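Okay, structure first, notes after.
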Amino acid sequence: MPNSVRVRFAPSPTGPLHIGGVRTALYNFLLARKLGGTFILRIEDTDQARFVPGAEDYILESLAWLGISPDEGIGIGGPHEPYRQSERKEIYKSYAQKLIESGKAYYAFDTSEELDAMRALFESKGSAFQYNAVTRVKLRNSLALPKKEVEQLLANNTPYVIRLKVPAKGEIRFQDVIRDWVHVHTSSIDDKVLMKSDGMPTYHLANVVDDHIMQISHVIRGEEWLPSAPLHILLYQAFGWTPPQFAHLPLLLKPEGNGKLSKRDADLGGFPVFPLEWKDPQTGAISKGFKQEGYLPEATVNFLAFLGWNPGTEQELFSLKDLIEAFSLERINKAGAKFDVKKAQWFNQQYLKQHGAKELAATYLPSLEAEKGEAYVHLFLDRITFPQDLLSMVEDFLAIPDSYDADVLASKWNSETKRALELLLEILPSCTSWHADDIKQTIQQRLETAGIKMGKVMQLFRVALSGKGAGPDLMISLELWGKDQVLARLRQALDKFPTLS
RNA sequence: GGUCCGUUCGUCUAGGGGUUAGGACACGUCCCUUUCACGGAUGAAACACGGGUUCGAUUCCCGUACGGACUACCA
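My numbering runs 1470 ahead of the 1-based position in the first sequence.
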């Protein structure tokens, strides 16, 4: 099956997985599932300096939480092990060597300091330094130095890097699935480092070699990679390989203003940009996670999927299964999408309501007996965004009021309503059945007999019992509080309400 | 600075040479409700600008503006 779809998500373990990365993983996963292909998880840990312990597990856990499960790679295994690039060091080395032998790449001995100095020099002259066809002849590399000297340097174990010999002239073109044809002149590409002096490959080499070896059919990645895509094409050409299809995804933008969504925006806006909570092992700083903030995985997936893609229909709610069904690369947008917390919350509400009261009660109100818990869920489900709101609502509901809504008091508290509340205090104990419907009937009848309109006193009654001018169904509230509690609260209110002159 | 990419309501977006430019979030109003929320209805709200091409351009082309990404021995 040489034409089968094989896609990969290839994050580097440098910290918590950014939500934009999660979306990239999602799209890769969706395409694979849609087309019956394989979704591979590969870890790009070729930067030893930026390695962060725990980051790889974090990636695994995040994907698992959202149901984006790889078919092959880290944590699963597969025909192309290992899937951690640091463990594939020798492979890249041999491929780099091939490029040296075929004259497509060369050794460069310039130190970082020398290059920094060179950049500073060019900058002072108002131009930008590029390691390319015109400058490389004057630099310390195997193309410019006499052969003997190069051999000497290598024999002395002088640190070196391997650079790609980018042709001076030519045009690179490739057809991006999302952006169509992209053209770039080789003159604007510099001789990128392929192998670093520590023996590790750079992203560019490792990614091309692995994608080829692992027979990746579609490279779906963020737009930030678009500028280096021509370089990758050049690499495929240097190896004589057929490049995969490229699809460069639009960026996730910050909610206010412009620019890439960053952790800073999250902290400022009080919303998460990471799937799971993350504690920085160095500083101990905690970054919020969607999960811990109360976002459901289905909501997170649905919200994320719609940032840059849409089905072309008016349906908004999509399960992972629905997404697989509807997904196509062609319907991905070109322009960046701003992250809208409000929309994310709306999705969460929608999915929250889809969960059964029994399940929500058991999960989020575990300290309550099942029947009671479910009753509370029914009472509050329409007014919460996050499941943990349930608990705070219940706590609030159960708390005896210590203050009363001043506005309602000012407009509704008078001798007539006072009489009504006192009457209620008399009526309530006579309720033989303490169920919402029966209580309502009793109250209705007795107030009517006394010539008092329900509408005139009910809000005040609510304030008397809860302290608040608004809230869930009052009769069901009464039932849940219980008769004794209601009477106690009513007495307290009558006692604490301001004296009428 | 250079290279590349982008631009439809405030936001996510549909659409695409002739449409009352559609939906969703948020917002306003109304209905439901003793209240709030939910729900329902409804309203306000957009084709960045300038040139072409065309009978006709928001749609195609070219510029301009604006925005963004990239520009490391990071990914």
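Note that the Cβ used here is the ideal one computed from N, Cα and C, for glycine as well. Remember, predicted model here, so these are calculated numbers, not experimental data.
Original post:
Taking the runs of the beta strand (DSSP E) that are 3 residues or longer, which of them lie wholly in the segment 1647-1714?
Top reply: 1650-1655, 1663-1665, 1688-1692
Original post:
From this set, 1885, 1867, 1653, 1793, which residue's C-alpha is nearest residue 1773's C-alpha?
Top reply: Taking the first sequence and counting its residues from 1, the one referred to as residue 1773 is at position 303. Considering only alpha carbons, the answer is 1793.
**OP:** Could you tell me which residues DSSP pairs with residue 1757 in its beta bridges?
**Re:** As a first step, residue 1757 is located in the first sequence; it is residue number 287 there, counting from the start. Note: residue 1757 sits in a beta bridge opposite 1748.
Original post:
Which class does residue 1553 belong to by DSSP, given the choice of helix, strand or coil?
Top reply: Position 83 of the first sequence, counting from 1, holds the residue named residue 1553. Residue 1553: coil per DSSP, three-state reduction.
**OP:** Check each candidate in 1722, 1649, 1694 and name the one with the smallest Cα separation from residue 1799.
**Re:** Within the first sequence, residue 1799 is the residue found at index 329, counting from 1. Here the closest residue by C-alpha is 1649.
Original post:
Using the beta-carbon count (16 or more within 10 Å), is residue 1578 buried or exposed?
Top reply: To locate residue 1578, count along the first sequence from 1; it is residue 108. Its Cβ being crowded by 16 or more others within 10 Å, residue 1578 is buried.
Original post:
In angstroms, rounded to a whole number, what distance separates the CA positions of residue 1913 and residue 1796?
Top reply: For this step, residue 1913 is matched to residue 443 along the first sequence. For this step, residue 1796 is matched to residue 326 along the first sequence. One C-alpha to the other measures close to 54 Å.
Subject >> Closest Cα partner of residue 1943 within the set 1849, 1594, 1710 >> reply: Translated into the one-based positions of the first sequence, residue 1943 becomes position 473. The shortest C-alpha separation from residue 1943 is found at 1849.
Original post:
So does residue 1700 have its beta carbon nearer than 7 Å to some heavy atom of the ligand MG?
Top reply: Absence of the ligand MG from the depicted structure is noted, as is the absence of any ligand whatsoever, leaving it without description.
**OP:** Could you check the C-alpha separation between residue 1972 and residue 1515 for me, to the nearest Å?
**Re:** Coverage of the chain is limited to positions 1471 through 1971, which leaves residue 1972 absent and any answer about it impossible.
**OP:** Quick one: residues in its chain with C-beta nearer than 7 Å to the C-beta of residue 1958, no 5 flanking neighbours on either side, listed in chain order?
**Re:** As a first step, residue 1958 is located in the first sequence; it is residue number 488 there, counting from the start. Excluding sequence neighbours, residue 1958 sits near nothing in its chain.
Original post:
What is the DSSP secondary structure of residue 1850, counted as helix, strand or coil?
Top reply: Counting from one through the first sequence, the residue named residue 1850 turns up at place 380. Reduced to three states, the DSSP call for residue 1850 is helix.
Original post:
So, is residue 1571 buried or exposed, given that buried needs 16 or more other C-beta atoms within 10 angstroms?
Top reply: Taking the first residue of the first sequence as position 1, residue 1571 is located at position 101. The residue in question, residue 1571, is exposed, as its Cβ has fewer than 16 Cβ neighbours within 10 Å.
Original post:
Apart from the five residues just before and just after residue 1489, which ones in its own chain have a Cβ nearer than 6 Å to its Cβ?
Top reply: What you label residue 1489 is simply residue 19 of the first sequence in a count that begins at 1. Result list for residue 1489: 1743, in chain order.
Subject >> Proximal residues to residue 1890 (C-beta, below 6 Å), its chain only, five neighbours per side dropped >> reply: As a first step, residue 1890 must be located in the first sequence, where it is residue number 420. Counting only Cβ-Cβ distances below 6 Å, and skipping sequence neighbours, we find 1922, 1927.
**OP:** Under the assumption that residue 1532 contacts residue 1745 (Cβ atoms under 8 Å), give the Cβ distance between them as a whole number of angstroms.
**Re:** Here the question's residue 1532 lines up with position 62 in the first sequence. Here the question's residue 1745 lines up with position 275 in the first sequence. 4 Å between Cβ atoms; contact.
Subject >> Rounded separation between residue 1551 and residue 1510 - CA only >> reply: By 1-based counting over the first sequence, the position of residue 1551 is 81. By 1-based counting over the first sequence, the position of residue 1510 is 40. Spanning the two alpha carbons is a distance of roughly 11 Å.
**OP:** Compute the beta-carbon to beta-carbon distance between residue 1567 and residue 1647, rounded to the nearest angstrom, for a pair I have assumed lies under 8 Å.
**Re:** Within the first sequence, residue 1567 is the residue found at index 97, counting from 1. Within the first sequence, residue 1647 is the residue found at index 177, counting from 1. 33 Å between Cβ atoms; not a contact.
**OP:** Give the straight-line distance between the Cα atoms of residue 1826 and residue 1861, rounded to the nearest whole angstrom.
**Re:** Within the first sequence, the letter at position 356 stands for residue 1826. Within the first sequence, the letter at position 391 stands for residue 1861. Those two C-alpha atoms are separated by around 16 Å.
Original post:
Who pairs with residue 1543 in a beta bridge, going by DSSP?
Top reply: Working through the first sequence from its first residue, we reach residue 1543 at position 73. Residue 1543 is bridged to 1511, 1547.
Original post:
Can you tell me the Cα-Cα spacing of residue 1811 and residue 1741, whole angstroms?
Top reply: Your numbering for residue 1811 matches position 341 in the first sequence. Your numbering for residue 1741 matches position 271 in the first sequence. Whole-angstrom Cα-Cα distance: 7 Å.
Original post:
Under three-state DSSP, which class holds residue 1641?
Top reply: Working through the first sequence from its first residue, we reach residue 1641 at position 171. In the structure shown, residue 1641 sits in a strand (DSSP, three-state: E or B).
**OP:** Just confirm the distance between the C-beta atoms of residue 1663 and residue 1631, as a whole number of angstroms; I'd bet it's less than 8 Å.
**Re:** Taking the first residue of the first sequence as position 1, residue 1663 is located at position 193. Taking the first residue of the first sequence as position 1, residue 1631 is located at position 161. Indeed, because the Cβ distance is near 5 Å, the residues count as touching under 8 Å.
**OP:** Could you tell me which residues DSSP pairs with residue 1585 in its beta bridges?
**Re:** Your numbering for residue 1585 matches position 115 in the first sequence. Paired residue(s): none; residue 1585 is not in a bridge.
Subject >> Contact under 8 Å by Cβ, residue 1636 with residue 1603 >> reply: Here residue 1636 corresponds to residue number 166 of the first sequence, with the count starting at 1. Here residue 1603 corresponds to residue number 133 of the first sequence, with the count starting at 1. Yes, the Cβ-Cβ distance between residue 1636 and residue 1603 is below 8 Å.
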